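**Q** Chains A and B supply the protein sequences, listed in that same order.
1 is the number of the first residue of the first sequence in full-length UniProt numbering; add one for each residue after it.
1 is the number of the first residue of the second sequence in full-length UniProt numbering; add one for each residue after it.
Beta carbons: idealized from backbone N, C-alpha and C, even for Gly.
Treat the numbers as computed from the prediction; the structure is a model and nothing was measured.
There are 2 protein chains.
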Amino acid sequence: MTPPPVSYVDRLGTTYPLNSPRWCADAAEADGSPMPLMLTDRTGGITRSQIDASVRSLWRYSASFPLECASPISLGEGCTPLVRRPFGSGGGEVHFKCEWFNPTCSFKDRGASVMLSLLRQQGVTHVLEDSSGNGGAAVACYATAGGLGATIMAPSSTSPAKTVAMRAYGAEVELIPGSRQATADAAVAAHGREGRGGGSVFYASHAWHPFFLQGTKTLAYELWEDLGFRAPDNVILPTGSSSWAGPGTRNVMGCDIGFGELLAAGEISRRPRLFCAQPLACSPICTAFLEESGRSDGKPTPEEWNAPVATIAEGASIARPVRLRETCDALRRSGGGAVRVAEGAIKAATLELARSGLYVEPTCAQAAAAYHELLASGAIQPAEVTVVVLTGTGVKATPRVAEILGVEL
Amino acid sequence: MTPPPVSYVDRLGTTYPLNSPRWCADAAEADGSPMPLMLTDRTGGITRSQIDASVRSLWRYSASFPLECASPISLGEGCTPLVRRPFGSGGGEVHFKCEWFNPTCSFKDRGASVMLSLLRQQGVTHVLEDSSGNGGAAVACYATAGGLGATIMAPSSTSPAKTVAMRAYGAEVELIPGSRQATADAAVAAHGREGRGGGSVFYASHAWHPFFLQGTKTLAYELWEDLGFRAPDNVILPTGSSSWAGPGTRNVMGCDIGFGELLAAGEISRRPRLFCAQPLACSPICTAFLEESGRSDGKPTPEEWNAPVATIAEGASIARPVRLRETCDALRRSGGGAVRVAEGAIKAATLELARSGLYVEPTCAQAAAAYHELLASGAIQPAEVTVVVLTGTGVKATPRVAEILGVEL
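(1) Looking at Leu-148(A): is its Cβ nearer than 8 Å to the Cβ of Leu-116(A)?
(2) State yes or no: is the beta carbon of Thr-125(A) nearer than 8 Å to at least one beta carbon in chain B?
(3) Spell out a yes or no on whether the segment 75–83 of chain B and the segment 216–226 of chain B are touching, meaning 3 or more CB-CB pairs, one atom from each, closer than 8 Å.
(4) With burial defined as no fewer than 16 other Cβ atoms inside 10 Å of the residue's Cβ, what is the status of Gln-50(B): buried or exposed?
(5) Within 10 angstroms of its Cβ, does Phe-229(A) collect 16 or more other Cβ (buried), or is it exposed?
(6) Per DSSP, what kind of secondary structure is His-126(B) in: helix, strand or coil?
(7) For Thr-104(B), which residues from the same chain have a beta carbon less than 6 Å from its beta carbon, with the 5 sequence-adjacent residues on both sides left out?
(8) Kindly say whether Leu-390(A), judged by its beta-carbon, lies nearer than 8 Å to any beta-carbon of chain B.
(9) Which residue marks the beginning of the alpha helix (DSSP H) containing Val-407(B), and which one marks its end?
(10) Kindly indicate which three-state DSSP category Ala-342(A) falls into: helix, strand or coil?
(11) Short of 7 Å Cβ to Cβ, which residues in the segment 87–99 of chain A face chain B?
(12) Count the other C-beta atoms from every protein chain shown that fall within 10 angstroms of the C-beta of Glu-384(A), then say buried if there are 16 or more, exposed otherwise.
(13) Give the straight-line distance between the Cα atoms of Ala-190(B) and Ser-334(A), rounded to the nearest whole angstrom.
(14) Taking 8 Å as the CB-CB limit, is Phe-107(B) close to chain A?
(15) As a quick exercise: from Glu-352(B), Leu-82(B) and Trp-23(B), pick the residue whose alpha carbon is nearest that of Val-389(B).
(16) For the 8 Å Cβ check, are there 3 or more pairs between the segment 2–20 of chain A and the segment 39–48 of chain A?
(17) Give the DSSP bridge partners of Gly-149(B), in chain order.
(18) To the nearest angstrom, report how far apart Val-339(A) and Cys-69(A) are at their CA atoms.
(19) If you measure from the CB of Cys-79(A), is any heavy atom of the ligand ATP nearer than 7 Å?
(20) Does chain B have any CB closer than 8 Å to the CB of Thr-363(A)?
(21) Given Leu-409(B), which residues of its chain have a CB within under 8 Å of its CB, disregarding the five upstream and five downstream residues?
(22) Could you confirm whether any beta carbon from chain D is found closer than 8 Å to the beta carbon of Tyr-359(A)?
(23) In whole angstroms, give me the CA-to-CA distance for Ala-168(B) and Lys-108(B).
(24) Return the residues of the segment 145–164 of chain A that lie within a Cβ-Cβ distance of less than 7 Å from chain B, sorted by chain order.
(25) Using three-state DSSP, classify Lys-347(A) as helix, strand or coil.
(26) With DSSP as the reference, identify every bridge partner of Ala-273(A), one or two as the case may be.
(27) Should Ser-71(B) be flagged as near chain A, meaning a C-beta pair shorter than 8 Å?
(28) According to the neighbour-count rule (16 or more other Cβ atoms, all chains shown, within 10 Å of its Cβ), is Thr-47(B) buried or exposed?
(29) Check the Cβ of Lys-396(A) against every Cβ in chain B and list those closer than 8 Å, keeping chain order.
(30) Rounded to the nearest angstrom, what separates Ser-296(B) and Leu-331(B) at their Cα positions?
(31) Name the residues in the segment 109–141 of chain B whose C-beta lies less than 7 Å from a C-beta of chain A; which are they?
(32) Taking all protein chains shown into account, do 16 or more other C-beta atoms lie within 10 angstroms of the C-beta of Leu-12(A), making it buried, or fewer, making it exposed?
(33) Apart from the five residues on each side of it in sequence, which residues of its chain come closer than 7 Å, Cβ to Cβ, to Pro-238(B)?
(34) Hey, residue 424(A) and Gly-133(A): beta-carbon distance below 8 Å or not?
(35) Count Cβ pairs between the segment 265–273 of chain B and the segment 342–352 of chain B that sit closer than 8 Å; are there 3 or more?
(36) Just checking: is the beta-carbon of Thr-218(B) within a distance shorter than 8 Å of some beta-carbon in chain A?
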């Protein structure tokens, strides 16, 4: 029996067919802002026999994607190592998922590969993205690899070094005065709405487009396969990425979708608990989750932080996640939680990881810091199988690591 | 029947047992400089049934290593993607081996993982390396991951940004006045000789130690497995790495050893042709190879370049390869050749690769430039299976890519 086709679906339950490009709902939110889309559930995920083991990329899980893709834009993304190491003083071991083993050295390649492959199939020929970092590099990379044009909007304050890769990929970089938020607003205003129905430039935002989550969900499939077709007990996800648009919602949502599909397919018996880590200085997801759960972590209240505040986990300092509500739901559904991490702990975890051979952006070291807290509080046990997702390499964050080390550049 | 044990062997044929650490021969070269070591041949390589397919790292080929290693220092190195893309106007396709999908984002992790694992097993507790770039990062990374101390010597002119990763890994960075060559000489003088017999600090040089080549030889095993247990027709290797000590000899020698073992094991019927690419401005290997072969490429003679000269393929500008003779022999044995590439062609290839989604260091783009020349001259045919090895990411070379793009940083 053929399962019913997958559709886009908005927060009101309105569905839209998948046969044309679309990044937001027709209806707007109460405040006039665009309403995000998800996809309707597949009737079930895929089983291990549906993995195409001959493919060394996340396209080995393509049977789980909502559209068949005749010609994926693929550069070897995914199939990253899961490295097991002793970590911390508790005697426990952590499984580190090393997501910088990717074409542009960050997890965002997962989303970009799937999103742009499916958009190209829908007829899109030129994409717009707004980003000052990893997201822009990933979209620029896959656009050029797939023969698509790309425009990347970035705040005018972005250092030229950050846009060199995007320009090398051939993307047009448009600098927008003002904050990161202003850039995002400009992207929506300039091309976004027109693109909804198929203008010449389509807003292929890593924050907005539900196809992006189809790429990040492969993280769940991979962990399951890495662990011998078992789900881990816990997955700790850093949720301070260099994006205004929902620090970390993509990985939390991706794991929620992927493990949900595996549960529906009968491949796992329960979801792993998902934990989200954010810097105390800017923690919209954690704060919302804790408030809704009626819990307190005993740390300063949001009012005391009056975000945005500077944090070493750069870029997590704007606070309007696109899928805040859905992300909190996902954390709750998994039985997991949220950890707000102080600056000192993020810095210490960055060095602790490096001393263990894992050189990552401070932005993702906060997940390792959260591991220590969860262990100390008894929320997780050393004997459990815990995955810490490391989303990006320290090589892209030299100035911030130098600051932690006290080295003058 | 147990094969005879593998030994170190020097250029005079003197062998030394593998049971203690050693990086050079007892005998010196005629000019008084240290004499490099190789290992004696295994009686045969490994067959496909000896691959440990449960391991996602180059340690899947550990049956081919000269010593059994009870406890490898591994961080998911190797198992990099082989990405097939149309390239150039000739209508041919190239298989790009993307070596920046590695812990420190370069191919040097292969050598460092195997070298430091075996040295630790021999009792070494503190290593010395000299490098200003990828080699130093790789050795610092694997040393700390394996609980070893590390000292990295670098020229005092090295930009602080280049040593941030080494410091984050906990390595001691010693800055040496003068040229890159002076640093290498200092390393040999200060600790090198004492280390030969087992001092407290052992000279674990990526340029000198034969165990390093045991790591890089896994590139050959992987290509063979990637291609369905067949050898490619041609492998083009960039030989401008950021090292005084033998630009690119490690990958040429690694492929020579690996494919030689597969030939001996009966797994392949002939070696692929190995081609080495170097910048015209500094091409000691290519120049030596062409001279010895009595060939000319019609390009300016070495005298006209009076090396070292600045090249965009940074770091290839010192010209005293440790294993020049052995590398020329390897190229000849394979039926391959050497291509000297002009600066303009290196720059153009860097951008051409990026426009194809492959963002790499100019240092390795020269291999892609060499592909065009070999195709144009008829030395290789579009229908042949040609691998271009891309050794490092453009992310580590932002200033040089910016220069090519004309972007001011």
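**A** Taking the definition as stated:
(1) Position 148 of the first sequence holds residue 148(A). Position 116 of the first sequence holds residue 116(A). At the C-beta level, Leu-148(A) and Leu-116(A) come within 8 Å of one another.
(2) Here residue 125(A) is taken as the residue at index 125 of the first sequence, counted from 1. No, because no Cβ of chain B sits closer than 8 Å to the Cβ of Thr-125(A).
(3) Three or more Cβ pairs closer than 8 Å define a contact, and the segment 75–83 of chain B meets that threshold against the segment 216–226 of chain B.
(4) By one-based count along the second sequence, residue 50(B) stands at place 50. Classified as exposed, Gln-50(B) has fewer than 16 neighbouring CB atoms from the shown chains inside 10 Å of its CB.
(5) Your numbering for residue 229(A) matches position 229 in the first sequence. It counts as exposed.
(6) For this step, residue 126(B) is matched to residue 126 along the second sequence. Three-state result, His-126(B): strand.
(7) Translated into positions along the second sequence, residue 104(B) becomes position 104. Leaving aside the five residues that flank Thr-104(B) on each side, the residues in its chain whose CB is nearer than 6 Å to its CB run, in chain order, Ala-137, Ala-138 and Cys-141.
(8) Position 390 of the first sequence, counted from the first residue, corresponds to residue 390(A). It does not: the Cβ of Leu-390(A) has no partner Cβ on chain B nearer than 8 Å.
(9) Along the second sequence, read from residue 1 onward, the residue named residue 407(B) stands at position 407. Note, Val-407(B): premise wrong, no alpha helix (DSSP H); not H, not E.
(10) On the first sequence, position 342 is the one that residue 342(A) refers to. DSSP, read as helix, strand or coil, puts Ala-342(A) in coil.
(11) For the segment 87–99 of chain A, which is checked against every Cβ of chain B, the residues closer than 7 Å are Cys-98.
(12) For the purposes of this step, residue 384(A) is identified with residue 384 of the first sequence, where counting begins at 1. Answer is exposed; the Cβ neighbour count stays below 16.
(13) As a position in the second sequence, residue 190(B) is number 190, starting the count at 1. As a position in the first sequence, residue 334(A) is number 334, starting the count at 1. The alpha-carbon separation between Ala-190(B) and Ser-334(A) amounts to approximately 57 Å.
(14) Residue 107(B) sits at position 107 when you count from the first residue of the second sequence. Taking Cβ atoms only, chain A never reaches closer than 8 Å to Phe-107(B), which makes this a no.
(15) Here the question's residue 389(B) lines up with position 389 in the second sequence. In terms of CA proximity to Val-389(B), Leu-82(B) leads the group Glu-352(B), Leu-82(B) and Trp-23(B).
(16) Result yes; three or more Cβ-Cβ pairs closer than 8 Å.
(17) Indexing the second sequence from 1 puts residue 149(B) at position 149. Answer is His-126(B), bridged to Gly-149(B).
(18) Locating residue 339(A) in the first sequence gives position 339, where the first residue counts as 1. Locating residue 69(A) in the first sequence gives position 69, where the first residue counts as 1. Within the model, the alpha-carbon separation for Val-339(A) versus Cys-69(A) is close to 38 Å.
(19) Ligands displayed in this structure: none; no statement on the ligand ATP is therefore possible.
(20) Residue 363(A) sits at position 363 when you count from the first residue of the first sequence. Chain B contact via Cβ: absent.
(21) Position 409 of the second sequence holds residue 409(B). Only Thr-398, Pro-399 and Ala-402 meet the Cβ criterion.
(22) Looking at the structure shown, chain D is missing, and the protein chains on hand are A and B.
(23) Taking the first residue of the second sequence as position 1, residue 168(B) is located at position 168. Taking the first residue of the second sequence as position 1, residue 108(B) is located at position 108. When rounded, the distance between both Cα atoms is 18 Å.
(24) For chain B, the residues of the segment 145–164 of chain A that bring a beta carbon within less than 7 Å of one of its beta carbons are Ala-145, Pro-160, Ala-161 and Val-164, in chain order.
(25) The residue you call residue 347(A) lines up with position 347 of the first sequence. It is helical.
(26) Taking the first residue of the first sequence as 1, we reach residue 273(A) at position 273. The sequence given here places Arg at residue 273(A); Ala does not occur at that position. DSSP output for Arg-273(A) lists Asn-234(A) as bridge partner(s).
(27) Position 71 of the second sequence, counted from the start, is the residue given in the question as residue 71(B). So no, Ser-71(B) is outside the interface.
(28) Along the second sequence, one-based indexing puts residue 47(B) at 47. That one is exposed.
(29) Here residue 396(A) corresponds to residue number 396 of the first sequence, with the count starting at 1. Ordered by position in chain B, the residues that pass the 8 Å Cβ test against Lys-396(A) are Val-395.
(30) As a working mapping, residue 296(B) is identified with position 296 in the second sequence. As a working mapping, residue 331(B) is identified with position 331 in the second sequence. Each residue's Cα considered, the two are about 16 Å apart.
(31) Near chain A, meaning a CB-to-CB distance below 7 Å, the residues of the segment 109–141 of chain B are Cys-141.
(32) Taking the first sequence and counting its residues from 1, one reaches residue 12(A) at position 12. Here Leu-12(A) is exposed: its Cβ has fewer than 16 other Cβ atoms, across all protein chains shown, within 10 Å.
(33) Translated into positions along the second sequence, residue 238(B) becomes position 238. Within the same chain, Pro-238(B) has close Cβ partners Gly-248, Ala-277, Thr-363, Cys-364, Gln-366, Ala-367, Val-389 and Thr-391.
(34) Residue 424(A) lies beyond the stretch modelled for chain A, which goes from 1 to 409, so this question has no answer here.
(35) Contact between the segment 265–273 of chain B and the segment 342–352 of chain B is absent, because fewer than three Cβ pairs lie under 8 Å.
(36) Here residue 218(B) refers to the residue found at position 218 of the second sequence. Chain A contact via Cβ: absent.
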